[in-house]
Amino acid sequence: MKYTQLGRTGLKVSRLVLGTMNFGPQTDEPHSHAIMDAALDAGINFVDTANVYGWGENKGRTESIIGSWFAKGGGRRDKVVLATKVYGNMAADGEAWPNHDKLSAVNIRRAVDASLKRLGTDYIDVYQFHHIDRQTPFEEIWQAIDVLIQQGKIHYVGSSNFPGYKIAQANEIAARRGGTIGLVSEQCLYNLAERRAEMEIIPAAQEYGLGVIPWSPLHGGLLGGVIKKEAEGGRRASGRAADTLSDPAARDRIQAYEDLLEKHGIEPGEAGLAWLLTRPGVTGPIVGPRTAGQLASALRAVELELSEELLTSLDEIFPGPGPSPEAFAW
13 MKYTQLGRTG
23 LKVSRLVLGT
33 MNFGPQTDEP
43 HSHAIMDAAL
53 DAGINFVDTA
63 NVYGWGENKG
73 RTESIIGSWF
83 AKGGGRRDKV
93 VLATKVYGNM
103 AADGEAWPNH
113 DKLSAVNIRR
123 AVDASLKRLG
133 TDYIDVYQFH
143 HIDRQTPFEE
153 IWQAIDVLIQ
163 QGKIHYVGSS
173 NFPGYKIAQA
183 NEIAARRGGT
193 IGLVSEQCLY
203 NLAERRAEME
213 IIPAAQEYGL
223 GVIPWSPLHG
233 GLLGGVIKKE
243 AEGGRRASGR
253 AADTLSDPAA
263 RDRIQAYEDL
273 LEKHGIEPGE
283 AGLAWLLTRP
293 GVTGPIVGPR
303 TAGQLASALR
313 AVELELSEEL
323 LTSLDEIFPG
333 PGPSPEAFAW
């Protein structure tokens, strides 16, 4: 496994991040534990989750699965850089009581204590804001975070799904308050088929020293050889991938992508992850395996070297927006 620093921090993390969103809803606890063991054995030390994972009446279930894995001992907790998230409504019926969601100081304190209990640990390495809160000022958010850091309950803070201007606003206010390190990472939607983050989010993250952690690196399976799998009678596209393939022009691009990689003898999913590892500012993509086989495929991407010729061809199929402001101005 290869490692890098998380943004401007001294924290060393693996170039792949183990995403756990499938643990509980799609992968049962024993198989989830087996995947986490395999990931740790392979050198993956960065594990990402969220308090709402498990979904519906099972919100919090994923954190509990991770907690029961930590409880097995063997140095699991000490070896892992653990990231979870706060913002979502944790009510099973979807009706949040006032102050039981978003980023008020009251909810942040309540949510972190609940996550710590489910995770069976006394600290969270990277506590992430799952979404912007348009009502709560950053002065209040940072005051709450400062208390949690002083208490030893969290070490660093990251954002997720933030626009560039909110990354800037959050860290400028943190700097004015003094003594607050501010955001150290941003988790955003970023992959070959969805490159809008290159216009504002990634430049802002680089300017303020945030590590970029792409989620959905294969765009919901779209970049994992979906057309070939369909032709071979495999798992059909769903969600984001199915929506994209319904557009004939988009389907042609995915076909061109699969044909290109077949010519080079490279698996599409591995190429999609390897491409992200070449991008400036990217710490590591989040991989969310449902099976041990999917984890093994992701691990191969870390060692995969993409030639300049192939990178150029990928840019031709999936052109990025270009730098900001030139992408939308002159």
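Residue numbers (our numbering): 13 to 342. C-beta atoms are modelled at their ideal positions from N, C-alpha and C, and glycine is treated no differently. Every value quoted in this text rests on a predicted model; they were computed, and no experiment measured them.
Annotation for residue 45: the continuous alpha helix (DSSP H) segment containing it runs 41 to 53. Around the C-beta of residue 321, fewer than 16 other C-beta atoms lie within 10 Å, and the residue is accordingly described as exposed. Under DSSP, residue 95 shares a beta bridge with 60, 138.
Taken through DSSP and simplified to helix, strand or coil, residue 170 comes out as strand.
Residue 322 has no beta-bridge partner at all, per DSSP. Shown here, residue 298 sits in a strand according to DSSP, grouped into three states.
It is roughly 9 Å from the alpha-carbon of residue 132 to the alpha-carbon of residue 75.
Beta-bridge partners of residue 218 (DSSP): none assigned.
Using a 10 angstroms sphere on the CB of residue 301, the tally of other CB atoms reaches 16 or more, which defines it as buried. DSSP lists 200 as the bridge partner or partners of residue 226.
Residues of the same chain with a CB within less than 7 Å of the CB of residue 334, apart from the 5 flanking positions on each side, do not exist. Between residue 280 and residue 269 a beta carbon distance of about 7 Å is seen, short of the 8 Å cut, so the two are scored as contacting. Contact check for residue 204 against residue 235 passes: the beta carbons are separated by less than 8 Å. Contact annotation: the region 109 to 127 touches the region 155 to 162, with at least three C-beta pairs closer than 8 Å. With contacts defined as CB atoms closer than 8 Å, residue 36 and residue 70 qualify as a contacting pair. Counting other Cβ atoms within 10 Å of its Cβ, residue 297 reaches 16 or more and is therefore classed as buried.
Going by DSSP, residue 17 is part of the beta strand (DSSP E) stretching over 15 to 17. Annotation for residue 30: the continuous beta strand (DSSP E) segment containing it runs 29 to 31. For residue 81, the number of other beta carbons within 10 angstroms of its own is at least 16, and it is reported as buried. Cβ contact annotation for residue 240 (same chain, cutoff 7 Å, sequence separation greater than five): 270, in chain order. Cβ-Cβ distances below 7 Å link residue 17 to 23, 24 in the same chain, with the five nearest sequence neighbours on each side left out; the list follows chain order. As summarised for the region 98 to 165, the continuous alpha helix (DSSP H) elements at least 4 residues long and confined to that stretch are 117 to 131, 150 to 162, given in chain order. When DSSP states are grouped into helix, strand and coil, residue 195 belongs to the strand group. Closest in C-alpha terms to residue 307, from the list 293, 79, 160, 52, comes 52.
For residue 35, the three-state secondary structure derived from DSSP is strand. Annotation: residue 258 is outside any beta strand (DSSP E) and is labelled neither H nor E by DSSP. Only residues of its own chain outside the window of five on either side were considered, and among them 239 have a CB closer than 8 Å to the CB of residue 267, listed in chain order. Here residue 330 is buried: its Cβ has 16 or more other Cβ atoms, across all protein chains shown, within 10 Å.
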